[in-house]
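In the working numbering, the protein residues as written are 88 to 320.
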């Protein structure tokens, strides 16, 4: 197991996190403001749209705070490698995948509970939703084929071999080195448009904006430490 430890000062744990909190404090009220007119207590699976919406926001925050914790404590202290040895990335995957899979499920819950709140032009909404679904699916396929799931998990925080790999330029990554953030999150927009839900659209906007907060406040500083320069995964 090649886990060459980087020499990272403890103060780096919170690098960029003041900006993270500041931007989050702006994004959450904005998302709530956009969603509130549509949140009327409509149900899906017996759960009101307000609950689905707030859970989608809370889960996104929890997911990305957990991502910060794992990445930074791994870089500074090799925490997961010390605790779990060669299974460090397996444990991280067990934490990560339920969180990432629940996010579109909760967004779908918002959309189905709040279905139709976007009003007229349903044909346009459905067409736009299908169009946005295409790059999201293509990006998922590109991650599996060209990028690799371990690397997408943040393998360069754990293993030297991932730090030495060149940038991926195939598939969706041909159009953006940040394809995972730029295109994959169109899935949330597609769900909102296909269900015709204003509240789901507000959640999608929040989640897509917030992943870029993670990129610039957590990932980019990490990349400077790991690779000596800023670039996207």
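Ideal Cβ positions, reconstructed from N, Cα and C, are used throughout, including at glycine.
Check	Outcome
Using a threshold of 8 Å, state whether the C-beta atoms of residue 196 and residue 283 are closer than that.	no
On the DSSP letters alone, give me the boundaries of the alpha helix (DSSP H) that residue 251 sits inside.	Segment: none, residue 251 is in no alpha helix (DSSP H) and carries neither H nor E.
Quick check on the DSSP output: what are the complete alpha helix (DSSP H) runs of length 4 or more inside the region 123 to 173, in order along the chain?	136 to 164 and 166 to 171
With residue 270 and residue 223 assumed to form a contact (beta carbons below 8 Å), what rounded beta-carbon distance in angstroms separates them?	6 Å
DSSP three-state call for residue 113: helix, strand or coil?	helix
At which residues does the alpha helix (DSSP H) containing residue 310 begin and terminate?	307 to 314
If you draw a straight line from the C-alpha of residue 225 to the C-alpha of residue 279, how long is it?	19 Å
Among the candidates 134, 295 and 111, whose CA atom is the shortest distance from the CA of residue 201?	134
Thinking C-alpha only, which one of 275, 251, 247 and 229 is nearest residue 259?	229
Which class does residue 205 belong to by DSSP, given the choice of helix, strand or coil?	coil
Indicate whether the contact test is met: 3 or more Cβ pairs, each with one atom in the region 291 to 302 and one in the region 94 to 112, closer than 8 Å.	yes
Buried or exposed: which applies to residue 113, given that a residue is buried once 16 or more other Cβ atoms fall within 10 Å of its Cβ?	exposed
For my contact list, residue 290 and residue 125 are in at a C-beta cut-off of 8 Å; report their separation, rounded to the angstrom.	About 11 Å separates the two Cβ atoms, so there is no contact after all.
Three-state secondary structure (DSSP) at residue 178?	helix
Check the C-beta distance from residue 194 over to residue 129 and give it rounded, since I have them as a contact under 8 Å.	About 15 Å; that fails the 8 Å criterion.
Express the C-alpha separation of residue 186 and residue 146 in angstroms, rounding to a whole number.	7 Å
How many whole angstroms separate the CB atoms of residue 162 and residue 95, which I take to be in contact at a CB cut-off of 8 Å?	5 Å
Helix, strand or coil for residue 225, going by three-state DSSP, please let me know.	helix
To which residues of the same chain is residue 198 closer than 7 Å at the C-beta, ignoring the five residues directly before and after it?	278, 279, 282, 284 and 287
For residue 175, count the other beta carbons within 10 Å of its own beta carbon; 16 or more makes it buried, fewer makes it exposed. Which is it?	buried
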